[in-house]
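In this note's numbering, each residue's number is its place in the sequence shown (first place is 1) plus 276.
Worksheet: one structure, shown below.
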Amino acid sequence: MSIFKKKGQTAPAVDTAPAADSSSDLDTDLDEVMRKYDRESATRIWEGVPKIIITVIMTVFSLYCLYMTLFSTALPEVRLTLFVGCIIILGFLTYPAKKGHVKVNSLPWYDIVLMLVGAGCFFYFAFNALPLIQLATRIETIHVVIGVVGILVLVELCRRCVGIPILCVVGALLIYTFYNQLSYNPSFYNALKNVVYKLFYTTSGVIGTPINVCFTYIVLFIIFGAFLERTGIASFFIDFANRVAGWSSGGPAKVAVISSALCGMVSGSSVGNTVTTGSVTIPMMKKTGYKPEFAGAVEAAASTGGQIMPPIMGAAAFLMAEYMDLPYAEVAVKAILPAVLYFSGIFIAVHLEAKKLGLKGISRAELPKWGYLARNFYLILPLVLLVWLVSSGAKTMATSAAYSILAAFVIGFIHSLAANIRETEEGFGKALWITLKSSLLSAVDALASGAKGAITVAVACAMAGMIAGCITVTGLASILINAIVSLAGNATIIGLVLTMICCIVLGMGVPTTANYCIMASTCAPILVQLDFPVVAAHFFVFYFGIVADITPPVALAAYAGSAIAKSNPMKTGINATKLAIAAFIVPYIFAYNPSMLFVGNVAWYDVLLISVTALLGLFGIAAALNGHLFCKIPVVLRIALVAGGLGMMIPGLASDLVGLAVVGAVVVFQFITAKKKTASAA
277 MSIFKKKGQT APAVDTAPAA DSSSDLDTDL DEVMRKYDRE SATRIWEGVP
327 KIIITVIMTV FSLYCLYMTL FSTALPEVRL TLFVGCIIIL GFLTYPAKKG
377 HVKVNSLPWY DIVLMLVGAG CFFYFAFNAL PLIQLATRIE TIHVVIGVVG
427 ILVLVELCRR CVGIPILCVV GALLIYTFYN QLSYNPSFYN ALKNVVYKLF
477 YTTSGVIGTP INVCFTYIVL FIIFGAFLER TGIASFFIDF ANRVAGWSSG
527 GPAKVAVISS ALCGMVSGSS VGNTVTTGSV TIPMMKKTGY KPEFAGAVEA
577 AASTGGQIMP PIMGAAAFLM AEYMDLPYAE VAVKAILPAV LYFSGIFIAV
627 HLEAKKLGLK GISRAELPKW GYLARNFYLI LPLVLLVWLV SSGAKTMATS
677 AAYSILAAFV IGFIHSLAAN IRETEEGFGK ALWITLKSSL LSAVDALASG
727 AKGAITVAVA CAMAGMIAGC ITVTGLASIL INAIVSLAGN ATIIGLVLTM
777 ICCIVLGMGV PTTANYCIMA STCAPILVQL DFPVVAAHFF VFYFGIVADI
827 TPPVALAAYA GSAIAKSNPM KTGINATKLA IAAFIVPYIF AYNPSMLFVG
877 NVAWYDVLLI SVTALLGLFG IAAALNGHLF CKIPVVLRIA LVAGGLGMMI
927 PGLASDLVGL AVVGAVVVFQ FITAKKKTAS AA
């Protein structure tokens, strides 16, 4: 239930409804789309009193996280194990064994057993933390059993809410870890005890850095995002995008790019953002004349890109600041140019497609008015407050998030009160009472939603901790690094390609924040060893972890977009990959030319040069992939455009000039050819 009524949130002038012949789009069950392509949405169905009880439990958990993060001074072993134990309880209350048909208000006995036993293992550690820390590697058999059971239950919960790909990685590393331990001591029990101790009873495993960061920062930002969504900011972003670009050729697709960039940086979920904004933008694109496969792909590519959009970056910006030991403000600034290039690439592709199909924009009379947007501009104030508090260093990240949550509640209250005053004829007092009641209910709903959203991220972070723990125990990191370095030799491009493949595989179906935790632990050190700057290494692995959501065969965001567009999923995924081509190129640019990330003493003209040449290069590649500029481009010239575009992305003045000459020549030739065809046709 939301305090913020839909009335008054959407600009009165804009028509975002699809035409009658596209009415079938309105019948798309968005909940079913989310359940199919987003494990976070394949949840149990609670109604009536059980729903109220579950909501209260979720709300209490969010308040507990807020209190513990802001005020607790307990040992990490106590705080984090209590947190994971609570996550297991919430997880089994939320996620069924299978994501098919779920009975209403049903919790099987075996799930109750798993929930209580799994949570009990972590609570046992929390309540006996000091004795267990003092025992160290001398833990007894009962402690080994408790550790094994706790890990297995957590793995089962991961299967339910995150998926199989990450478990395949964890399983392979566990097998290798046991093999490694047995090579030192053939006793299976001793190997098991060592592994369990490292992964369960130390801060180098399940309760390692990823889960600590999740508990300390991520949960608060997820709660903040839940409050922010209820202020109507998504509708404001869509209306703003309509005003800015809706009038141009193929306007609705450009609206999708802008609105998804703005909404996606807050949501932290590529699939969730695709479905949320796509329910509005995809029917608009189809109505304008875009093919269904293209419409779904635009939304998926833009929604995925929202995760790399500063200043929030799906909460990953705060994680990157922690891992790279940099101020948050620096991370946000460094992310600007790559994000601009990414969305510019999509924008160019969308524009070229619109020109090829001869599509028009939305009538200016139907667009939201600037006055309406100005009156609702205050909706973004909580976001501005968060960025200001964190970047200024005035408050800690946790405190900044808490203040921003409060600000989001106040802004939502004001927004709802204004709407109720307009709609209620019984005076200010009645409107105030209605708003106060609905605001409190919405706050509970936001806290419960935040807790639910934290489950998947926390479980994935726990798995990331196990991955890091296995790598630490076995020394696998140095082995992998040495292997890739030796394979790459002097050709660092090979090392980058191999790392890219690892990132895409490891990032399949993993939420943004947990995705980065995994990449930072496993793949970034490889590039650092190859002498790439730390900042470039972390941004490189983050980008390629994210694009797994639009890269077939596991392109969940693209598949969600295809379900709304009623298009072929694989074709939609391929189109999304083509549209997001910048995400596959830009990381190589800043890897070889870190000035794009403002690394070192960088002159402004160097940054300007690399940005302009990269943008022109993206234009050349986008035109080649589209196959149409002023007229149809022959295959030979498309190859030339790709070569010229890539040339401008390779650092160096000579390659820039050659690439510019090639792309410029093709553009001029196409323009002249199109003019001749037009003249002859006349």
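We put the beta carbon where it would ideally sit given N, CA and C, even for glycine.
Note that the structure is a prediction, hence the values are computed from the model and not measured.
Quick check on DSSP: helix, strand or coil for residue i?
| i | result |
| --- | --- |
| Val380 | strand |
| Lys847 | helix |
| Ile321 | strand |
| Lys908 | strand |
| Thr550 | helix |
| Asp221 | Residue 221 is absent from the model: the chain starts at 277 and stops at 958. |
| Tyr585 | Looking at the sequence provided, one finds Met at residue 585 rather than Tyr. Coil, per DSSP. |
| Tyr566 | coil |
| Lys671 | coil |
| Trp646 | helix |
| Ala950 | helix |
| Lys636 | coil |
| Ala678 | helix |
| Phe874 | coil |
| Asp807 | coil |
| Leu936 | helix |
| Asn461 | coil |
| Ile926 | coil |
| Ser348 | coil |
With residue i as the anchor, note down where its alpha helix (DSSP H) starts and where it stops.
| i | result |
| --- | --- |
| Ala790 | 788 to 798 |
| Ser754 | 752 to 764 |
| Phe500 | 495 to 505 |
| Glu629 | 612 to 633 |
| Val437 | Here the sequence assigns Cys to residue 437, which means Val is not the residue at that position. Its alpha helix (DSSP H) spans residues 417 to 437. |
| Lys374 | No alpha helix (DSSP H) contains Lys374, which DSSP labels as neither H nor E. |
| Cys778 | 768 to 782 |
| Asn518 | 509 to 521 |
| Tyr835 | 832 to 841 |
| Tyr654 | It is not in any alpha helix (DSSP H) - Tyr654 carries neither H nor E in the DSSP assignment. |
| Asn247 | The displayed coordinates of the chain run from 277 to 958. Any statement about residue 247 would go beyond what the structure contains. |
| Val393 | 385 to 403 |
| Phe594 | 592 to 600 |
| Val489 | 485 to 489 |
Just mark residue i as buried or exposed, buried being the case when its beta carbon has 16 or more other beta carbons within 10 Å.
| i | result |
| --- | --- |
| Val556 | buried |
| Phe947 | exposed |
| Tyr460 | exposed |
| Ile418 | exposed |
| Pro407 | exposed |
| Tyr343 | exposed |
| Thr853 | buried |
| Thr961 | A question about residue 961 goes unanswered here, because the residues of the chain that appear run from 277 up to 958. |
| Ser299 | Its pLDDT being 42, under 50, Ser299 is placed unreliably by the model, and the measurement read from it follows with that caveat. Ser299 should be labelled exposed. |
| Ala722 | buried |
| Glu416 | exposed |
| Leu302 | Because Leu302 carries a pLDDT of 43, less than 50, the predicted location of this residue cannot be relied on, and the following value inherits that uncertainty. The residue is exposed, with fewer than 16 neighbouring Cβ atoms inside 10 Å. |
| Ala650 | exposed |
| Ser668 | exposed |
| Val942 | buried |
| Ser762 | exposed |
| Phe704 | exposed |
Can you check whether the CB of residue j is closer than 9 Å to the CB of residue i?
| i | j | result |
| --- | --- | --- |
| Val533 | Val616 | no |
| Thr335 | Leu496 | no |
| Val445 | Ile743 | yes |
| Ile487 | Cys737 | yes |
| Ser546 | Gly582 | yes |
| Val353 | Ala405 | Before going further, note that residue 353 is Glu rather than Val in the sequence given. Yes, Cβ-Cβ distance for Glu353 and Ala405 is below 9 Å. |
| Ala734 | Ile330 | no |
| Gly920 | Val938 | yes |
| Val531 | Leu430 | no |
| Tyr679 | Leu657 | no |
| Tyr493 | Ala591 | yes |
| Pro787 | Val551 | no |
(request) Determine, using beta-carbon pairs with one atom in the segment 828 to 847 and one in the segment 575 to 587, whether at least three such pairs fall under 8 Å. (result) Touching, yes.
(request) Tell me, please, whether the segment 460 to 475 touches the segment 756 to 773 by the rule of three or more beta-carbon pairs shorter than 8 Å. (result) Between the segment 460 to 475 and the segment 756 to 773 there are fewer than three inter-stretch CB-CB distances shorter than 8 Å, so the stretches are not counted as touching.
(message) Tell me whether the segment 774 to 794 and the segment 817 to 833 touch, counting them as touching only if at least three CB pairs, one residue from each stretch, are closer than 8 Å.
(response) Contact between the segment 774 to 794 and the segment 817 to 833 is present, because at least three Cβ pairs lie under 8 Å.
(message) Contact between the segment 550 to 568 and the segment 601 to 613 is defined here as three or more beta-carbon pairs at a separation below 8 Å; is this criterion met?
(response) They do not touch, by the three-pair rule.
(request) Report yes or no: do three or more beta-carbon pairs, one from the segment 772 to 782 and one from the segment 501 to 520, lie closer than 8 Å? (result) They do not touch, by the three-pair rule.
(request) Could you say if the segment 913 to 929 and the segment 948 to 956 meet the contact criterion of at least three C-beta pairs nearer than 8 Å? (result) With the cut-off at 8 Å, the segment 913 to 929 and the segment 948 to 956 do not touch.
(message) Quick check: the segment 594 to 609 against the segment 808 to 821, are at least 3 beta-carbon pairs closer than 8 Å?
(response) Counting Cβ pairs under 8 Å, three or more are found: they touch.
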